[in-house]
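Since the structure comes first, as structure tokens, the remarks are kept for the end.
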Amino acid sequence: MFAKFIYLEWKSFTRSASFASNLALKILMGFLVLYFTLVFLALGVGAFYILREMKLDPLVAINKFLIYYFVMDLVVRLLLQAIPVMNIRPFLTMPFKRPTIVHFSLGKTALSFFNLVHAFFFLPFCAVLIYEGYDMLSVLLWGTALFSLVFCNNFLNILLNNKDNLLGIFITVVLILAGCQYYKLFDITLYSYPFFEGLFKTKWVFTLPVSVMIGLYYWTYNFLKGDLYLDAGLTVKNDIAKTEQLTWLNQFGTLGTFLKNDIKLIKRNKRSKTTVGLSILFLFYGLIFFNSNSHQPPVMQIFAGIFVSGGFLFTFGQFVPSWDSSYYQLMMTQNVPYKGYLNSKWWLIVIGTIVSTILASFYLYFGWQVYLTIVAGAIYNIGVNSHLVLLGGAFTKTPIDLSMSKGAFGDKKAFNVNTMLLSIPKLVLPLLLYWLGSYIMNPKLGLAFVALAGVFGFMFRNTVFLIIEKIYKKEKYATIAAYKQKG
Amino acid sequence: MIQVNNLSKEYNGTTVLNIESLEIPKGQSFGLVGNNGAGKTTFFSLLLDLIQPTTGSILNNDIQVNASEDWKPFTASFLDESFLIGYLTPEEYFYFIGDLRGQNKADVDALLVQHEEFFNGEILKNKKYLRDLSKGNQKKVGIIATLIGNPEVIILDEPFANLDPTTVNRLKKIIKELADNPNVTVLVSSHDLQHTVEVCDRIVALNKGELVKDMPTTKETLQELELFFAV
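Chains as they are written, first to last, in the UniProt record's numbering: chain A, 1 to 487; chain B, 1 to 231.
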């Protein structure tokens, strides 16, 4: 039985759209995987010595913050880890026993990337602990306990999936706890530390997480098994639809027609909602750079300026026209002027950038200079980057499944040579301009240069649109064919 | 209205469609029948410039479809659900198509009232997005949307599939009405010989990409076709 399932899994893995991409991309992906593996390994090994360098007992320091580590892990999982229940449908009527199906799908989640990635950190860390003379048995028990907790999170994610608002609650709890800790009001680690410490010091404590894991496994197992019906766990939830006219957009003609559609697109689909959520995270990116004790070179501040205001631009704009992939054939047979279509997407990006810039006004706390950097970044985003993402999008032929929220962190296929080349002017050019201005006179001139580049870019809008239109037309058939293949 | 010259389409050396010449006059209701893989959808996709012909060309009202886009304003089509926008309600979808075809809300509403019977109370004001409708109801939406803005050429791929018997009869009525209009050219493809014969003035049968029958509809047509497709 299991052999058959594994055979199917292997086929689905090797035949997935992202794997079937061209050779150059595979090599690149291979390098990326290698790179991240090395980074994590280095982190696992290095963490010990870095912490010791900081005059901390590495084990104590790690134990102290494990509570945050695991809660964050759960948040990330809720956001990104897909549960494999939907693939079960075809098996229901086949001669498999239900328990087999459930055990297999649960086993499959255990092999997920979200579990394996922890091994890259914990295994080398444990190895270093043993190497540095910590008690071997204790280290092994501690490691076992931590992995049990990782798997607890794995099963919790399945149980908690599809529960609305949980994610928000978790994030809020983390933020409040972290805030309380920072301002020394309440320190959760005082309570969690003894537990993690106990995992190491006391031989039997590790049985707690292990038994919790086993308990959770059976809970999830029963949960899934009882729900294995098309009208129970395997239903697709239908939303209650409300017709919206958005008549106030009628005054903008064709632009209004498309804007209406785009607003509904963003509001009513999981994937687009996740994207907008992500773009809000970009708002806080600047905190890394503008914080007084950051060690980044000042010239990098313009990066922050670009990213803070450009969250929506980068996350949403990157996938124009893929957002419309599921009905691209319709667009191609209707009397749709490309210009109107592009224009509407452009305005959407501009509105997104302006809203981000306004929301980012809390950076005024760090002074005028900082906020001016963000405003200059916004002008550059509107004038130059908005065109560049649309241009890059013309080469992106990744169909988007709007009903899936996962995968919002970018598709592997979305990386191609063209889009990568285009990211140079997106980020490097403003950096150069800013550096040049700062070098000649002062950072203010640098900002002025960046903003001026934005204004220049804006003046060439029509030319750029014409170029994009040409590419769209040239790529039309290839795009239609690509969008027809589903993930 | 539609002229086909030396049209062929190949995929990796396999010819999937090869039509030397075909002319569909204005106002005709044209039925395309054939088995799976006969090339019906390929032909419609070529006609709508969704794929590129390997050789030859199609003229729609003297406009070569892969050279100019001027055929779009008077041509309406529904091939499959990729012509629907899943996250819109049916009403929103109709108004969107209406906007693109220069029709205001009142025009669209008038058309929808006309076809209320066809919708059978399952489409409008139903608090569902298109993606959550059943296949049959999605089809109803797609078909009626092609009527918005009085197009001169209407292309429907397999319009009878997935519809319930009552709706099939209503759809036949709609297509017959369109066929009676001398300004409207209707192109319909189907597996169902009887339905096609009932609504079309002319039937063309495709087999493995080749045009094998071309005849005006008479009393004997159905028999002849059934004989041809008999096993």
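Even for Gly, the Cβ is constructed at its ideal location relative to N, Cα and C.
Problem - DSSP state of SER190 of chain B mapped onto helix, strand, coil - result: Working through the second sequence from its first residue, we reach residue 190 of chain B at position 190. Here SER190 of chain B sits in strand by DSSP.
Exercise for the section: Please state whether DSSP places THR41 of chain B in a helix, a strand or coil. Expected result: As a first step, residue 41 of chain B must be located in the second sequence, where it is residue number 41. DSSP places THR41 of chain B in helix when its eight states are reduced to three.
Handout entry: GLY377 of chain A and GLY457 of chain A closer than 9 Å at C-beta
Key = Indexing the first sequence from 1 puts residue 377 of chain A at position 377. Indexing the first sequence from 1 puts residue 457 of chain A at position 457. No, they are not a contact pair.
Exercise for the section: Determine, using beta carbons only, whether THR166 of chain B comes closer than 9 Å to chain A. Expected result: Residue numbering aside, residue 166 of chain B sits at position 166 when the second sequence is read from its first letter. Closer than 9 Å: no.
Practice task
With DSSP collapsed to three states, give me the class of PRO216 of chain B.
Solution key: Residue numbering aside, residue 216 of chain B sits at position 216 when the second sequence is read from its first letter. When secondary structure is reduced to three states using DSSP, PRO216 of chain B falls in the strand class.
Practice task
Say whether chain A places a C-beta atom closer than 9 Å to the C-beta of GLN52 of chain B.
Solution key: To locate residue 52 of chain B, count along the second sequence from 1; it is residue 52. Yes, contact with chain A.
Problem - PHE409 of chain A burial status per 10 Å Cβ neighbour count (16 or more: buried) - result: Against the first sequence, residue 409 of chain A aligns to sequence position 409. The predicted model places PHE409 of chain A with a pLDDT of 42, which falls under 50 and marks its position as unreliable, so this point remains unresolved.
Handout entry: Neighbour-count burial assignment, GLY179 of chain A, 16 or more Cβ in a 10 Å radius
Key = Working through the first sequence from its first residue, we reach residue 179 of chain A at position 179. That one is exposed.
Handout entry: Closest by C-alpha distance to PHE43 of chain B, when choosing among B:MET1, B:ASP99, B:LEU206
Key = The residue you call residue 43 of chain B lines up with position 43 of the second sequence. It is B:LEU206.
Exercise for the section: On the DSSP bridge assignment, give the partners of ALA76 of chain B in chain order. Expected result: Taking the second sequence and counting its residues from 1, one reaches residue 76 of chain B at position 76. Beta-bridge annotation (DSSP): ALA76 of chain B is paired with B:ILE154.
Exercise for the section: Report the option in A:ILE27, A:PHE449, A:ASN115 whose CA atom is closest to the CA atom of GLY437 of chain A. Expected result: Here residue 437 of chain A corresponds to residue number 437 of the first sequence, with the count starting at 1. Taking only the C-alpha atoms, the option nearest GLY437 of chain A is A:PHE449.
Exercise for the section: Measure the alpha-carbon distance for ASN442 of chain A versus GLY454 of chain A and round it to whole angstroms. Expected result: Stepping through the first sequence from its first residue, residue 442 of chain A is reached at position 442. Stepping through the first sequence from its first residue, residue 454 of chain A is reached at position 454. Each residue's Cα considered, the two are about 19 Å apart.
Practice task
Select from A:TYR49, A:VAL464, A:GLN485 the residue whose C-alpha is nearest the C-alpha of ILE400 of chain A.
Solution key: To locate residue 400 of chain A, count along the first sequence from 1; it is residue 400. Distances from the alpha-carbon of ILE400 of chain A to those of A:TYR49, A:VAL464, A:GLN485 put A:GLN485 closest.
Practice task
Give me the Cα-Cα distance between LYS397 of chain A and LEU259 of chain A, rounded to the nearest whole angstrom.
Solution key: Taking the first sequence and counting its residues from 1, the one referred to as residue 397 of chain A is at position 397. Taking the first sequence and counting its residues from 1, the one referred to as residue 259 of chain A is at position 259. The alpha-carbon separation between LYS397 of chain A and LEU259 of chain A amounts to approximately 22 Å.
Handout entry: For GLU30 of chain B, the first and last residue of its enclosing beta strand (DSSP E)
Key = Counting from one through the second sequence, the residue named residue 30 of chain B turns up at place 30. With the sequence shown as reference, residue 30 of chain B is identified as Phe, and Glu is not the correct amino acid for it. For PHE30 of chain B, the uninterrupted beta strand (DSSP E) run begins and ends at 29-34, by DSSP.
Exercise for the section: Please confirm whether SER77 of chain B and ASP157 of chain B have their CB atoms less than 9 Å apart. Expected result: Translated into the one-based positions of the second sequence, residue 77 of chain B becomes position 77. Translated into the one-based positions of the second sequence, residue 157 of chain B becomes position 157. The criterion of a C-beta distance shorter than 9 Å is satisfied by SER77 of chain B and ASP157 of chain B.
Handout entry: Pick from A:ASP73, A:LEU129, A:TYR221 that is closest to LYS108 of chain A, judged by C-alpha positions
Key = As a working note, residue 108 of chain A is residue 108 in the first sequence. For LYS108 of chain A, the nearest C-alpha among the options comes from A:TYR221.
Practice task
Starting from the beta carbon of ILE480 of chain A, find every residue of chain B whose beta carbon is closer than 7 Å, and list them in chain order.
Solution key: Numbered from 1 along the first sequence, position 480 holds the residue referred to as residue 480 of chain A. The answer, in chain order, is LEU50.
Problem - Length-filtered (4 minimum) alpha helix (DSSP H) runs lying within the region 182-267 of chain A - result: Runs of the alpha helix (DSSP H) inside the region 182-267 of chain A: 189-201, 207-226.
Problem - Whether LYS208 of chain B touches LYS242 of chain A by CB criterion (9 Å) - result: If you number the second sequence from 1, residue 208 of chain B lands on position 208. If you number the first sequence from 1, residue 242 of chain A lands on position 242. For LYS208 of chain B and LYS242 of chain A, no; Cβs fall outside 9 Å.
Practice task
Taking only beta-carbon positions, decide if LEU79 of chain B is within less than 9 Å of chain A.
Solution key: In the second sequence, residue 79 of chain B corresponds to position 79, counting from 1. Judged by the 9 Å Cβ criterion, LEU79 of chain B is in contact with chain A.
Exercise for the section: Anything in chain A within Cβ reach of LYS40 of chain B, meaning under 8 Å, just list it in chain order. Expected result: As a first step, residue 40 of chain B is located in the second sequence; it is residue number 40 there, counting from the start. Going along chain A, no residue has its Cβ under 8 Å from LYS40 of chain B, so there is no contact; the nearest lies around 16 Å.
Problem - GLY393 of chain A - containing alpha helix (DSSP H), residue span - result: Counted from its first residue, the first sequence places residue 393 of chain A at position 393. Segment 386-393, the alpha helix (DSSP H) holding GLY393 of chain A.
Practice task
Please name the residues in the region 259-286 of chain A whose beta-carbon is closer than 7 Å to at least one beta-carbon of chain B, in chain order.
Solution key: The residues in question are ASN261, LYS264, LEU265, ARG268, ASN269.
Exercise for the section: Evaluate LYS345 of chain A with the Cβ neighbour count: other Cβ atoms within 10 Å of its Cβ, from every protein chain shown; 16 or more gives buried, anything less gives exposed. Expected result: For the purposes of this step, residue 345 of chain A is identified with residue 345 of the first sequence, where counting begins at 1. Its Cβ being crowded by 16 or more others within 10 Å, LYS345 of chain A is buried.
Exercise for the section: Could you name the residues of the same chain whose beta carbon sits closer than 8 Å to that of VAL75 of chain A, not counting the 5 residues immediately before and after it, in chain order? Expected result: Counted from its first residue, the first sequence places residue 75 of chain A at position 75. Within the same chain, VAL75 of chain A has close Cβ partners LEU167, PHE170, ILE171, VAL174.
Practice task
Pull up the distance between the alpha-carbon of ILE263 of chain A and that of THR275 of chain A, whole angstroms please.
Solution key: Taking the first residue of the first sequence as position 1, residue 263 of chain A is located at position 263. Taking the first residue of the first sequence as position 1, residue 275 of chain A is located at position 275. Distance from the CA of ILE263 of chain A to the CA of THR275 of chain A, rounded to the nearest whole angstrom, comes to 13 Å.
Practice task
Assign ILE6 of chain A to buried or exposed, taking buried as 16 or more other Cβ atoms, counted over all protein chains shown, within 10 Å of its Cβ.
Solution key: In the first sequence, counting from the first residue as 1, residue 6 of chain A sits at position 6. The residue is exposed, with fewer than 16 neighbouring Cβ atoms inside 10 Å.
Handout entry: Beta-carbon neighbours of THR172 of chain A, restricted to chain B and to distances below 8 Å
Key = Here residue 172 of chain A refers to the residue found at position 172 when the first sequence is read from its first residue. By Cβ distance, chain B contributes nothing, its closest Cβ being about 29 Å from THR172 of chain A, past 8 Å.
Problem - Inter-stretch contact at 8 Å, needing at least 3 Cβ pairs: the region 192-208 of chain A / the region 89-102 of chain A - result: No: fewer than three Cβ pairs fall under 8 Å.
Handout entry: ASN60 of chain B (DSSP reduced to helix, strand or coil)
Key = Your numbering for residue 60 of chain B matches position 60 in the second sequence. Reduced to three states, the DSSP call for ASN60 of chain B is strand.
Exercise for the section: Identify each residue in the region 326-341 of chain A for which the Cβ-Cβ distance to at least one residue of chain B is less than 8 Å, and report them in chain order. Expected result: Legend: CB atoms of the region 326-341 of chain A lying less than 8 Å from CB atoms of chain B belong to residues SER326, TYR327, TYR328, GLN329, LEU330, MET332, THR333, GLN334, ASN335, VAL336.
Exercise for the section: Within 10 angstroms of the Cβ of GLU132 of chain A, are there 16 or more other Cβ atoms? Answer buried if so, exposed if not. Expected result: The sequence position of residue 132 of chain A within the first sequence is 132, counting from 1. By the neighbour-count rule (16 or more Cβ atoms within 10 Å), GLU132 of chain A is not buried but exposed.
Problem - Exposure of ILE382 of chain A, with buried meaning 16 or more beta-carbon neighbours within 10 Å - result: For the purposes of this step, residue 382 of chain A is taken as residue 382 along the first sequence, with counting starting at 1. Per the 10 Å Cβ criterion, buried.
Practice task
Go to GLU117 of chain B, then tell me how far its alpha helix (DSSP H) extends in each direction, as first and last residue.
Solution key: Along the second sequence, one-based indexing puts residue 117 of chain B at 117. Per DSSP, GLU117 of chain B belongs to the alpha helix (DSSP H) from 116-119.
Problem - Chain-order list of residues whose beta-carbon lies under 7 Å from that of THR357 of chain A (same chain, five-residue window excluded) - result: Numbered from 1 along the first sequence, position 357 holds the residue referred to as residue 357 of chain A. Around THR357 of chain A: SER309, ILE374, VAL375, ALA378.
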